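Peer 1: All residue numbers in the sequence shown are consecutive under the working numbering, ending with 956.
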Amino acid sequence: MGHDGDCFLVPGPVRMNQSCLDALSTPVITARGTEYRDVMAKLNSGLRYAFNLSPSSPERKNQSWTGSDGYKVIVVSGSGTAAMEMVMANRFRPNDRVLVPTNGKFGERVAEMGSRFCNVKNLKYEWGRAFDFGEIEEQLARGNWEALAICHNETSSGITQDAAELAEMCQRHNVAFILDGITSVGGLPVHPEQWGAEAVVVGAQKCTAGPSGIAAIAVNQHFIDRCNAIRNQGDSNSVYYLDILPALKKGDDDQTPWTPAINPAMGWAAALETLKEEGLENRWNRCASLAKGVRNLFTDLGFDLLADEYYRSSTVTAIMYPEGIDDSWRTKLKDDYNTQVIGAQDHLKGKMFRVGSMGETPVEEMIEGCNRMIACFKECGLELPDVDVKKYFE
Ligand SMILES: Cc1ncc(COP(=O)(O)O)c(C=O)c1O
563 MGHDGDCFLV
573 PGPVRMNQSC
583 LDALSTPVIT
593 ARGTEYRDVM
603 AKLNSGLRYA
613 FNLSPSSPER
623 KNQSWTGSDG
633 YKVIVVSGSG
643 TAAMEMVMAN
653 RFRPNDRVLV
663 PTNGKFGERV
673 AEMGSRFCNV
683 KNLKYEWGRA
693 FDFGEIEEQL
703 ARGNWEALAI
713 CHNETSSGIT
723 QDAAELAEMC
733 QRHNVAFILD
743 GITSVGGLPV
753 HPEQWGAEAV
763 VVGAQKCTAG
773 PSGIAAIAVN
783 QHFIDRCNAI
793 RNQGDSNSVY
803 YLDILPALKK
813 GDDDQTPWTP
823 AINPAMGWAA
833 ALETLKEEGL
843 ENRWNRCASL
853 AKGVRNLFTD
863 LGFDLLADEY
873 YRSSTVTAIM
883 YPEGIDDSWR
893 TKLKDDYNTQ
903 VIGAQDHLKG
913 KMFRVGSMGE
923 TPVEEMIEGC
933 NRMIACFKEC
943 GLELPDVDVK
953 KYFE
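Below is the structure:
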């Protein structure tokens with residue numbers, strides 16, 4: 563079976579399935595009634611599954627947001643950035659020292675945003691280069707750090723950090739481990755409990771194939787204790803809408819402090835149901851196999867990939883344009899081949915493109931999309947060897 567119609571191969575927002583779209587168009591309900599609490603319970607339980615946390619009941623009045631591992635999930639009305647800001651603003655005092663190694667745009671954003679709320683040291687590596695673990699270890703060993711915060715899967719450069727290794731370092735040096743998991747949670751292995759992560763953030767529109775504008779955080783008890791202690795000491799950053807304490811008060815009751823994003827929550831809960839039907843590990847594996855196919859195909863075709871070999875992401879692949887090709891190729895691909903990939907950011911703009919392999923993308927769509935990309939490159943004058951695209955995805 564082939565794939566007809568458009569190929570939408572961007573690293574988020576991804577296509578939403580029909581059950582998610584149907585849920586999004588549910589007639590309005592009130593924010594504080596039992597119907598919405600039912601939605602929250604289902605959403606919380608689905609989120610715990612996506613975060614790879616212990617299960618919880620999807621029924622209202624059953625502490626759907628927590629489980630035997632002690633983590634709690636908090637739904638945030640806003641995109642992933644809002645959820646990340648909620649973490650940084652509430653967890654740290656202005657003088658807390660936080661180490662943020664980065665190798666792309668979103669890590670740098672963690673550092674930039676974090677510096678509004680705490681004392682950030684940004685260890686900047688070139689986009690796509692793996693972190694220097696020796697340097698991070700050396701920094702942590704000097705002591706006096708409150709946390710290490712990373713962008714786990716760097717969507718801008720197609721690199722995934724070795725979170726297990728970094729988690730061990732954090733445990734050795736007794737610092738908190740915070741992850742922007744916006745394009746990793748639901749799409750590649752994430753183990754909050756095993757890593758002792760204090761907070762992990764996810765955005766709905768990425769690997770879980772939900773709607774844009776809603777996000778969530780998984781936090782452990784130590785995180786909660788620190789947020790409370792900092793507030794009691796009177797040494798906290800200014801927050802109001804993103805104050806985590808009211809959100810923590812409302813959680814047991816399947817509620818949020820402000821009017822929730824009601825329909826997006828319904829849509830996301832439906833998308834998470836689809837994730838559960840597929841199985842979390844099956845989704846990780848499907849994303850990994852799509853990304854592997856894209857990597858091997860384009861490498862065989864003679865393209866260079868941006869990210870260091872052993873750290874290449876399973877949910878996004880960053881591919882350099884060869885000599886003579888620029889973003890006009892992407893415009894042509896969209897206009898003439900009904901296929902969308904995404905361009906690059908900042909200094910790499912016009913120099914590379916990125917292919918998303920997250921959400922529910924079927925293999926047939928990826929094969930068709932790759933065939934169209936190759937045809938479009940050839941039409942743009944690039945000489946490429948003949949390849950059997952399908953073979954790369956078997
Ligand atoms: C890794 C990562 N972090 C953060 C963001 C920002 O998330 P949002 O646009 O949902 O605020 C993105 C968006 O692409 C991302 O990929």
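C-beta: ideal position from N, C-alpha, C; glycine also. Note that the structure is predicted; figures quoted are calculated from it, not measured.
Using three-state DSSP, classify L661 as helix, strand or coil.
Peer 2: Residue state, collapsed to three classes: strand.
Peer 1: Check for me: the alpha helix (DSSP H) holding I786 runs from which residue to which?
Peer 2: Taken as a continuous stretch (DSSP letters only), the alpha helix (DSSP H) holding I786 covers 783–795.
Peer 1: I'd like to check one pair, V682 with G1006: are the Cβ atoms closer than 8 Å?
Peer 2: Missing from the structure shown is residue 1006; the chain here goes from 563 to 956 and no further.
Peer 1: Can you tell me whether S890 is helix, strand or coil according to DSSP?
Peer 2: It is helical.
Peer 1: Are at least three pairs of beta-carbons, each pair with one atom in the region 819–833 and one in the region 663–682, less than 8 Å apart?
Peer 2: Not touching, per the Cβ criterion.
Peer 1: Just the Cα atoms here: how many angstroms apart are M914 and G864?
Peer 2: If you take the alpha carbons of M914 and G864, they lie about 14 Å apart.
Peer 1: Less than 8 Å separating the beta-carbons of S619 and W627?
Peer 2: Contact flag unset, no.
Peer 1: Are N657 and I806 close, meaning C-beta to C-beta below 8 Å?
Peer 2: Result no, Cβ atoms of N657 and I806 do not sit closer than 8 Å.
Peer 1: Taking only runs that begin and end inside the region 873–940, name each unbroken alpha helix (DSSP H) of 4 or more residues, in chain order.
Peer 2: Listed in chain order, they are 890–899.
Peer 1: Check whether the region 664–671 and the region 789–807 are in contact - that is, three or more C-beta pairs closer than 8 Å.
Peer 2: Touching, no.
Peer 1: Is it the case that the CB of D742 approaches a heavy atom of ligand 1 more closely than 7 Å?
Peer 2: Because some heavy atom of ligand 1 lies under 7 Å away, the Cβ of D742 counts as near it: yes.
Peer 1: Check whether the Cβ of F668 lies closer than 7 Å to any heavy atom of ligand 1, and answer yes or no.
Peer 2: Yes, Cβ of F668 sits closer than 7 Å to a heavy atom of ligand 1.
Peer 1: Give the straight-line distance between the Cα atoms of S719 and T596, rounded to the nearest whole angstrom.
Peer 2: Each residue's alpha carbon lies about 44 Å from the other.
Peer 1: Starting from A709, follow the alpha helix (DSSP H) in both directions and report where the run begins and ends.
Peer 2: Here A709 belongs to no alpha helix (DSSP H); instead the beta strand (DSSP E) covers 709–713.
Peer 1: Between Q767 and the rest of its own chain, which residues show a CB-CB distance below 7 Å, the 5 nearest in sequence each way excluded?
Peer 2: Cβ neighbours of Q767 beyond the five flanking positions: G574, P575, V576, P773, S774.
Peer 1: I need the straight-line Cα distance from C849 to C569, nearest angstrom please.
Peer 2: C849 and C569: Cα-Cα distance of roughly 16 Å.
Peer 1: In the DSSP assignment, the alpha helix (DSSP H) including K838 goes from what residue to what residue?
Peer 2: That run of the alpha helix (DSSP H) goes 824–840.
Peer 1: Is T893 a contact residue of ligand 1, with contact defined as CB to any heavy atom under 7 Å?
Peer 2: Every heavy atom of ligand 1 is 7 Å or more from the Cβ of T893, so no.
Peer 1: Residue ranges of each alpha helix (DSSP H) run of no fewer than 4 residues wholly in the region 642–686, ordered along the chain?
Peer 2: Taking only runs of at least 4 residues, the alpha helix (DSSP H) segments lying wholly in the region 642–686 are 642–653, 667–676.
Peer 1: If I measure Cβ to Cβ from V801 and keep anything under 7 Å in the same chain, skipping five residues before and after, which residues do I get?
Peer 2: Here the set comprises A651, N652.
Peer 1: Given that a residue counts as buried once 16 or more other Cβ atoms are within 10 Å of its Cβ, and exposed if not, what is W846?
Peer 2: Buried: at least 16 other Cβ atoms inside 10 Å.
Peer 1: Helix, strand or coil for A761 per DSSP?
Peer 2: Correct three-state label for A761: strand.
Peer 1: Would you grab the beta carbon distance between L741 and A759 for me? Rounded to a whole angstrom, and I think it's under 8 Å.
Peer 2: Yes, L741 and A759 are in contact; Cβ-Cβ is about 6 Å, under 8 Å.
Peer 1: Here's a check: name, in chain order, each residue in its chain whose Cβ is nearer than 7 Å to the Cβ of G629, leaving out the five neighbours to either side.
Peer 2: Cβ within range, chain order: R610, L615, S616, P617, S618.
Peer 1: With a 10 Å radius around its C-beta and 16 neighbouring C-beta atoms as the bar for buried, classify M604 as buried or exposed.
Peer 2: Looking at the sequence shown, residue 604 is not Met but Lys. With 16 or more Cβ atoms within 10 Å of its Cβ, K604 is classed as buried.
Peer 1: Would you tell me roughly how many angstroms separate the C-alpha atoms of D724 and E699, rounded to the nearest one?
Peer 2: Using only the alpha carbons, I get a separation of about 13 Å.
Peer 1: Relative to the C-alpha of A738, which candidate in A771, D866, L702, I744 has its C-alpha closest?
Peer 2: Nearest option by C-alpha distance: L702.
Peer 1: When you compare only the Cα positions, how much space is there between V672 and V662?
Peer 2: The straight-line gap from Cα to Cα measures roughly 7 Å.
Peer 1: What would DSSP say about F613, mapped onto helix, strand or coil?
Peer 2: Residue state, collapsed to three classes: coil.
Peer 1: Does the distance from the C-beta atom of A612 to that of V764 stay below 8 Å?
Peer 2: Closer than 8 Å, so yes.
Peer 1: Tell me where the beta strand (DSSP E) around I698 begins and ends.
Peer 2: Here I698 belongs to no beta strand (DSSP E); instead the alpha helix (DSSP H) covers 695–703.
Peer 1: When the Cα atoms are used, what is the spatial distance from D753 to N706?
Peer 2: The sequence given here has His at residue 753, not Asp. Those two C-alpha atoms are separated by around 26 Å.
Peer 1: So is P962 buried or exposed if we call it buried at 16+ other beta carbons inside 10 Å?
Peer 2: The chain is shown from 563 up to 956; residue 962 falls before or after that span and cannot be answered.
Peer 1: Residues in the same chain with beta-carbon distance under 8 Å from V903, minus the five sequence neighbours each way, listed in chain order, please.
Peer 2: Counting only Cβ-Cβ distances below 8 Å, and skipping sequence neighbours, we find L571, V572, R892, L895, F915, R916, V917, G918, G931, M935.
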